[in-house]
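Colleague: Got a structure for you, questions after.
In this note's numbering, the protein residues as written are 14 to 717.
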């Protein structure tokens with residue numbers, strides 16, 4: 014069967030290719046760039062615990078520890094008062110779960126991308142082709158073909174194709190998929206600098222800082238990085254005025270002086286109080302002490318909120334910024350992109366090895382698009398309250414809400430609540446049949462991420478539950494006291510023989526694990542966990558029929574098409590390079606206690622040469638084709654901003670020059686909601702959210 018084609022070599026595309034390689038699925042990554050990641054200290058990523066664990070499983074755990082940092086606490090200040098402080102759980106050798114939340118990982122995005130590239134370079138089942146710009150797509154019932162231009166321009170043949178090519182996605186345009194939403198929801202000035210702040214290791218969100226006017230719209234955050242670096246973000250007022258270098262430096266000095274306290278004016282300086290600037294860089298204005306700092310990088314980060322109409326069209330999928338843009342109120346677009354990759358990888362793994370039902374492939378859009386749409390709706394509801402709280406009442410915007418604004422902001426930054434918590438796939442089409450589950454047997458609801466408890470594997474090793482994700486189904490037995498006994502005894506006693514037989518008979522690869530305890534679970538509770546860590550169901554005891562029904566539901570009922578039939582259908586008319594690369598060992602699943610298919614040899618990653626396919630040099634270039642107007646696409650993808658960089662950061666555009674343009678809002682043609690303001694159509698109570706669920710009107714400013 015042909016490899017999977019991944020378009021785009023950003024963190025999402027590289028993560029997806031790595032996850033597929035772990036599943037024994039070959040892939041080709043088409044990279045439009047030369048493959049050299051630009052060093053931008055001000056362009057960073059904040060990974061929540063679940064996405065950091067996913068990246069760590071892909072072979073980048075060392076990079077997360079060396080290039081990233083975990084905060085010791087998160088604090089919110091308003092004016093000169095500490096409003097809230099959240100302490101994070103310290104990292105211990107066994108990572109024992111405690112009452113304190115786990116810290117996110119903060120690291121430069123170029124460091125993450127380089128680590129993913131290095132891990133992918135070690136994979137024999139993956140190939141990154143640089144200088145390959147996608148120009149055209151063609152798909153049929155057997156596969157999909159991609160035409161690239163550049164030094165490596167040719168036709169590529171694949172089984173599936175995933176567009177991970179960012180906000181201006183060529184894949185999305187070639188598929189004629191609309192990308193409605195709002196432009197310039199928020200703008201932030203960004204700086205990366207080396208300095209010492211009064212809270213080493215702690216991240217800070219300072220609302221209405223007194224040295225910057227103290228107004229309700231002022232906000233600055235400081236987040237520590239490794240090696241004594243900090244990333245500072247200032248929320249900019251609505252509008253399109255330029256952020257000059259002098260203005261940005263003034264913001265830096267004002268913030269640092271405010272956090273470092275005041276000092277009496279130097280003797281002999283008169284009323285100005287100014288002192289040495291150069292290397293000392295200490296005195297700034299009357300009585301203001303600016304600590305020494307080294308400015309490394311600056312930019313302007315523009316946040317857009319957009320959601321693609323469809324995430325799947327035949328054998329083509331969208332993921333990451335190509336499918337969604339978000340990032341206001343502390344939410345992280347990269348987090349959602351990595352969740353896209355994790356969700357899609359195991360489903361494509363099943364499809365590649367064993368064939369897949371339409372239900373399984375469609376579940377990617379149903380689950381991930383629904384989760385991101387809910388996140389965008391929550392942000393659109395909270396924006397009027399948090400950015401213009403004087404004119405909006407709490408209970409009008411958030412009925413029944415009792416939390417303060419600072420807590421809501423903390424949710425977005427720390428990955429809690431509707432703004433940031435990992436998604437719950439409560440209405441997934443892969444849910445078990447009705448009547449399979451007796452009732453809530455554990456604290457985790459079906460569809461929610463499982464708790465990372467310690468588990469004992471079949472070889473007797475004690476590991477974390479999240480470390481076993483990414484392959485097949487996990488079957489976890491809650492058996493208190495098992496660690497006291499030797500594994501040879503409890504593996505042949507009690508429920509274990511029957512449970513082992515039931516796991517071996519499941520219709521998809523599975524691994525049996527045992528845990529001492531799980532929140533809310535009684536002894537002999539059996540948990541079924543999907544490869545992406547979401548709970549399928551909890552059963553009271555060993556129930557083979559129910560377990561089989563749940564496994565069939567997880568794989569979308571894809572039992573009518575065997576691996577051989579799927580491979581024959583996928584390979585018809587699909588030219589590959591004659592040089593053979595043997596199939597991956599154990600490609601059907603992990604070496605666990607479950608069953609797996611026995612796929613044939615995987616073809617070597619390769620392109621369809623001109624001798625294998627007709628010459629399509631006369632095919633018109635449709636890279637700019639889109640159902641929506643070209644101006645609307647440019648406005649929605651952040652092209653309304655200008656600068657030397659133009660790279661995206663957390664769902665927006667990063668500009669090295671610090672200047673922002675007005676072309677995006679003008680060309681986006683999204684009416685009053687896109688005029689550069691922060692509230693748009695969500696500013697009035699009862700107004701429809703700019704981002705609605707699948708099957709409903711998305712935006713009144715873009716017709717179908």
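Using N, Cα and C, we set each Cβ at its ideal position, and we do this for glycine too.
Determine the DSSP secondary structure at residue 376, reduced to helix, strand or coil.
Modeller: If you number the chain shown from 1, residue 376 lands on position 363. Reduced to three states, the DSSP call for residue 376 is helix.
Colleague: Classify residue 14 as helix, strand or coil using the three-state DSSP reduction.
Modeller: Walking along the chain shown from the start, residue 14 turns up at place 1. Looking at residue 14 - three-state DSSP - the assignment turns out to be coil, as it is neither helix nor strand.
Colleague: For residue 719, count neighbouring C-beta atoms within 10 Å of its own C-beta (all shown protein chains included) and say buried if the count is 16 or more, exposed if not.
Modeller: This structure cannot settle anything about residue 719, because the visible part of the chain is limited to 14 through 717.
Colleague: Taking the alpha-carbon positions, what's the residue 428 to residue 387 distance?
Modeller: As a working note, residue 428 is residue 415 in the chain shown. As a working note, residue 387 is residue 374 in the chain shown. Straight-line Cα distance between these residues: approximately 14 angstroms.
Colleague: I'd like to know if the region 330-345 and the region 431-441 are in contact, where contact means that at least 3 CB-CB pairs between them fall below 8 angstroms.
Modeller: The region 330-345 is in contact with the region 431-441.
Colleague: My understanding is that residue 549 touches residue 539, with C-beta atoms under 8 angstroms, so please give their C-beta distance in whole angstroms.
Modeller: Locating residue 549 in the chain shown gives position 536, counting from the first residue. Locating residue 539 in the chain shown gives position 526, counting from the first residue. Actually they are not in contact, since the Cβ atoms of residue 549 and residue 539 sit about 11 angstroms apart, beyond 8 angstroms.
Colleague: If you draw a straight line from the alpha carbon of residue 544 to that of residue 71, how long is it in whole angstroms?
Modeller: The count along the chain shown starts at 1 and reaches residue 544 at position 531. The count along the chain shown starts at 1 and reaches residue 71 at position 58. Spanning the two alpha carbons is a distance of roughly 14 angstroms.
Colleague: Which word fits residue 6, buried or exposed, when buried means at least 16 other C-beta atoms lie within 10 angstroms of its C-beta?
Modeller: Residue coverage of the chain in this structure runs from 14 to 717, which leaves residue 6 outside it and unanswerable.
Colleague: Compute the Euclidean distance between the alpha carbons of residue 555 and residue 444, then round it to the nearest angstrom.
Modeller: In the chain shown, counting from the first residue as 1, residue 555 sits at position 542. In the chain shown, counting from the first residue as 1, residue 444 sits at position 431. Cα to Cα, residue 555 sits roughly 19 angstroms from residue 444.
Colleague: Between the beta-carbon of residue 528 and the beta-carbon of residue 464, is there less than 7 angstroms?
Modeller: Translated into positions along the chain shown, residue 528 becomes position 515. Translated into positions along the chain shown, residue 464 becomes position 451. No.
Colleague: Would you report the Cα separation of residue 323 and residue 303, rounded to the nearest angstrom?
Modeller: Walking along the chain shown from the start, residue 323 turns up at place 310. Walking along the chain shown from the start, residue 303 turns up at place 290. If I take the Cα positions, the gap works out to 50 angstroms.
Colleague: For residue 159 and residue 168, I'd like the C-alpha separation in whole angstroms.
Modeller: Within the chain shown, residue 159 is the residue found at index 146, counting from 1. Within the chain shown, residue 168 is the residue found at index 155, counting from 1. Looking at the two C-alpha atoms, the distance is approximately 6 angstroms.
Colleague: Mind reading off the beta-carbon distance from residue 124 to residue 80? Whole number of angstroms is fine, and I expect it under 8 angstroms.
Modeller: Taking the first residue of the chain shown as 1, we reach residue 124 at position 111. Taking the first residue of the chain shown as 1, we reach residue 80 at position 67. So it is a contact: roughly 4 angstroms between Cβ atoms.
Colleague: With a cut-off of 8 angstroms, do at least 3 Cβ pairs link the region 129-140 to the region 151-158?
Modeller: No, the region 129-140 does not touch the region 151-158.
Colleague: What are the start and end residues of the beta strand (DSSP E) that includes residue 221?
Modeller: Along the chain shown, read from residue 1 onward, the residue named residue 221 stands at position 208. Run containing residue 221: none; DSSP gives neither H nor E here.
Colleague: Counting C-beta neighbours from all protein chains within 10 Å, is the total for residue 264 16 or more, i.e. buried, or is it exposed?
Modeller: Numbered from 1 along the chain shown, position 251 holds the residue referred to as residue 264. By the 10 Å Cβ count, residue 264 comes out buried.
Colleague: I need the DSSP call for residue 22, collapsed to helix, strand or coil.
Modeller: Position 9 of the chain shown, counted from the first residue, corresponds to residue 22. Here residue 22 sits in coil by DSSP.
Colleague: Under the three-state reduction of DSSP, which class applies to residue 400: helix, strand or coil?
Modeller: Translated into the one-based positions of the chain shown, residue 400 becomes position 387. Looking at residue 400 - three-state DSSP - the assignment turns out to be helix.
Colleague: For residue 620, count neighbouring Cβ atoms within 10 angstroms of its own Cβ and tell me buried if that reaches 16, exposed if not.
Modeller: Residue 620 sits at position 607 when you count from the first residue of the chain shown. Annotation note: pLDDT 42 at residue 620 (below 50); position unreliable, coordinate value reported separately. Buried: at least 16 other Cβ atoms inside 10 Å.
Colleague: Considering only DSSP beta bridges, list what residue 340 is partnered with.
Modeller: For the purposes of this step, residue 340 is taken as residue 327 along the chain shown, with counting starting at 1. Paired residue(s): none; residue 340 is not in a bridge.
Colleague: Is residue 359 helix, strand or coil by DSSP?
Modeller: Residue mapping note: residue 359 aligns to position 346 of the chain shown, counting from 1. Helix at residue 359.
Colleague: Nearest to residue 507 by alpha carbon, out of 335, 495, 236, 517?
Modeller: Your numbering for residue 507 matches position 494 in the chain shown. When only C-alpha atoms are compared, the closest one is 495.
Colleague: Does the beta-carbon distance from residue 380 to residue 457 come in below 7 angstroms?
Modeller: As a first step, residue 380 must be located in the chain shown, where it is residue number 367. As a first step, residue 457 must be located in the chain shown, where it is residue number 444. Contact flag unset, no.
Colleague: Tell me whether residue 557 sits in a helix, a strand or coil according to DSSP, three-state version.
Modeller: The residue you call residue 557 lines up with position 544 of the chain shown. Note: residue 557 maps to helix in three-state DSSP.
Colleague: Are the region 187-206 and the region 27-39 touching, with three or more C-beta to C-beta distances below 8 angstroms?
Modeller: Flag = no, the region 187-206 and the region 27-39 do not touch.
Colleague: Roughly how many angstroms separate the alpha carbons of residue 547 and residue 356, rounded to a whole number?
Modeller: If you number the chain shown from 1, residue 547 lands on position 534. If you number the chain shown from 1, residue 356 lands on position 343. C-alpha separation (whole angstroms): 10 angstroms.
Colleague: Give me the Cα-Cα distance between residue 692 and residue 393, rounded to the nearest whole angstrom.
Modeller: Counting from one through the chain shown, the residue named residue 692 turns up at place 679. Counting from one through the chain shown, the residue named residue 393 turns up at place 380. Its pLDDT being 31, under 50, residue 692 is placed unreliably by the model, and nothing is read from it.
Colleague: Please return the same chain residues whose Cβ sits closer than 6 angstroms to the Cβ of residue 534, not counting the five positions on each side in sequence.
Modeller: As a position in the chain shown, residue 534 is number 521, starting the count at 1. Once the five neighbours on either side are set aside, the close Cβ partners of residue 534 are 455, 491.
Colleague: For the region 200-216 against the region 231-242, do three or more pairs of beta-carbon atoms, one drawn from each stretch, fall closer than 8 angstroms, so that the two count as touching?
Modeller: Yes, the region 200-216 is in contact with the region 231-242.
Colleague: Quick one: is residue 193 buried, meaning 16 or more other Cβ sit within 10 Å of its Cβ, or exposed?
Modeller: Position 180 of the chain shown, counted from the first residue, corresponds to residue 193. By the 10 Å Cβ count, residue 193 comes out buried.
Colleague: I'd like to know if the region 363-375 and the region 558-569 are in contact, where contact means that at least 3 CB-CB pairs between them fall below 8 angstroms.
Modeller: Contact holds: three or more Cβ-Cβ distances are below 8 angstroms.
Colleague: Helix, strand or coil for residue 482? Go by DSSP, reduced to three states.
Modeller: Indexing the chain shown from 1 puts residue 482 at position 469. Three-state result, residue 482: coil.
Colleague: Let's test the definition: count the other Cβ atoms within 10 Å of the Cβ of residue 122 and tell me whether it reaches 16, buried, or not, exposed.
Modeller: By one-based count along the chain shown, residue 122 stands at place 109. Per the 10 Å Cβ criterion, buried.
Colleague: How close, in whole Å, do the beta carbons of residue 55 and residue 204 come, if the pair is a contact with beta carbons under 8 angstroms?
Modeller: Against the chain shown, residue 55 aligns to sequence position 42. Against the chain shown, residue 204 aligns to sequence position 191. Residue 55 to residue 204, Cβ: 6 angstroms. Contact.
Colleague: Relative to the C-alpha of residue 531, which residue among 478, 96, 67, 509 is closest?
Modeller: Within the chain shown, residue 531 is the residue found at index 518, counting from 1. The shortest C-alpha separation from residue 531 is found at 478.
Colleague: Going by beta carbon distance, what residues of the same chain come within less than 7 angstroms of residue 358, once the five residues before and after it are set aside?
Modeller: Counting from 1 along the chain shown, the entry for residue 358 is found at position 345. The residues are 29, 32, 33, 36.
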